[in-house]
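Numbering (my numbering), first residue to last: 15 to 378.
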């Protein structure tokens, strides 16, 4: 009886040894396969992130400078900062092309390769070829020693609908450093050294800069004192806006400062006048030299309402009397940015930055 038991135990031990001899290599192969697949997925994700990041960076540089060489260098630099399988992504000249992106009647983006007024950057991110392919972690159990992923990303600067909201309260007839000067009365032409005249000059330069971008920006004009008025809905004819501002210069009335109504009317031109473009981003640019002092709602609440409609509200304070803290809060509520311009030179720089700071969208 004892011999039989020992024989059965020996058989079981032998069976387990045989099973392990067969199963262990299979388990190792399966584990290696799973690790390799996971590593390939991780590499794909890293390559996608790096390619998208670099194409967006290049498109932004292209928008700001219009220089394809500068945009290419930006793509290279941005790609190198992103690791793919432990190495910075290397971009060669043949990996980048420039073109134009526009929407068709269905709202889908169409990309066309061209060097004439490009507004888009297409990058092919590669880890392919000799010396650049990704080595598998477990080559002994893989059918191939390397993995060669490739991703394509296209980023474009998109069209904008911009509501330009400008203060024409009484303080805008003062000089930038303060003081009305002598002899001016409401209804007279705005003094030649007044804040208003300088704002009109900067606005003309802003519109000229918009006209030079490869995108189509439509602009509306809202001006405000004790209440806001819509001077023009969205238009691509910037001369209409310039002429209206010149008309105010010729007979400047002044008044109180209702910033909130200006923001609300600006948002109205972007959403409720039937002129907005569904594919365009929507931005309200609010300029003031003073302090909100009339109206039934606050500028912060007006900016919050605009942001709830998907708009961005930027604010600019001009001169030393403006309430910068309050307008910073307005910009924060509107998911935008605040700038302060103590003088015309700085105001021109701010407007130029806004003109060339177009939204970047991944379209592929």
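From the three backbone atoms N, C-alpha and C, an ideal C-beta is built for every residue, glycine too. As the structure is a computational prediction, the values presented were derived from the model and not from experiment.
Nearest-angstrom Cβ-Cβ length linking residue i and residue j, presumed shorter than 8 Å
| i | j | result |
| --- | --- | --- |
| residue 97 | residue 122 | So it is not a contact: roughly 33 Å between Cβ atoms. |
| residue 236 | residue 252 | Going by Cβ atoms, the distance from residue 236 to residue 252 rounds to 15 Å, so no, they are not a contact pair. |
| residue 281 | residue 319 | 7 Å |
| residue 397 | residue 266 | No statement about residue 397 is possible, as the shown extent of the chain runs from 15 to 378 and does not include it. |
| residue 277 | residue 327 | 7 Å |
| residue 187 | residue 205 | 6 Å |
| residue 300 | residue 330 | 7 Å |
| residue 353 | residue 173 | Residue 353 to residue 173, Cβ: 23 Å. No contact. |
| residue 129 | residue 168 | Not quite, the Cβ-Cβ distance comes to about 16 Å (not below 8 Å), so this is no contact. |
Where residue i falls, given that 16 or more other Cβ within 10 Å makes a residue buried
| i | result |
| --- | --- |
| residue 175 | buried |
| residue 254 | exposed |
| residue 69 | buried |
| residue 41 | exposed |
| residue 164 | exposed |
| residue 133 | buried |
| residue 150 | buried |
| residue 95 | exposed |
| residue 229 | buried |
| residue 226 | exposed |
| residue 72 | buried |
| residue 341 | buried |
Rounded C-alpha distance that separates residue i from residue j
| i | j | result |
| --- | --- | --- |
| residue 350 | residue 143 | 44 Å |
| residue 367 | residue 374 | 15 Å |
| residue 67 | residue 107 | 17 Å |
| residue 262 | residue 274 | 21 Å |
| residue 322 | residue 159 | 52 Å |
| residue 138 | residue 310 | 54 Å |
| residue 231 | residue 316 | 23 Å |
| residue 355 | residue 126 | 40 Å |
| residue 362 | residue 215 | 9 Å |
| residue 247 | residue 286 | 10 Å |
| residue 91 | residue 140 | 15 Å |
| residue 39 | residue 99 | 27 Å |
| residue 209 | residue 76 | 33 Å |
| residue 295 | residue 257 | 26 Å |
| residue 178 | residue 78 | 20 Å |
| residue 239 | residue 291 | 29 Å |
| residue 346 | residue 312 | 14 Å |
| residue 64 | residue 364 | 31 Å |
| residue 104 | residue 44 | 33 Å |
| residue 370 | residue 170 | 13 Å |
| residue 189 | residue 359 | 15 Å |
| residue 53 | residue 212 | 59 Å |
Neighbour flag for residue i against chain B, beta carbons, 9 Å
| i | result |
| --- | --- |
| residue 206 | This model lacks chain B altogether, as it is built from one protein chain only. |
Distance cut-off 8 Å: residue i Cβ against heavy atoms of the ligand ATP
| i | result |
| --- | --- |
| residue 290 | The ligand ATP is absent from the structure shown, which contains no ligand whatsoever. |
For the stretch 303-312 against the stretch 329-339, are there 3 or more C-beta pairs whose distance is under 8 Å?
yes
Every unbroken beta strand (DSSP E) within the stretch 41-94, with a cutoff of 3 residues, ordered by chain:
Secondary structure in the stretch 41-94: no beta strand (DSSP E) run of 3 residues or longer lies completely within the stretch.
Is the stretch 75-94 touching the stretch 45-56 in the sense that three or more CB pairs, one from each, lie closer than 8 Å?
no
When you compare the stretch 265-274 with the stretch 166-186, are there three or more beta-carbon pairs, one atom per stretch, that lie closer than 8 Å?
yes
Continuous beta strand (DSSP E) assignments of at least 3 residues falling wholly in the stretch 99-147
110-117, 123-127, 134-140
Whole alpha helix (DSSP H) elements within the stretch 228-311, 4-residue minimum:
252-264, 273-285
Would you mind listing the alpha helix (DSSP H) stretches within the stretch 312-365 that are 4+ residues and don't spill past its ends, in chain order?
313-322, 338-347
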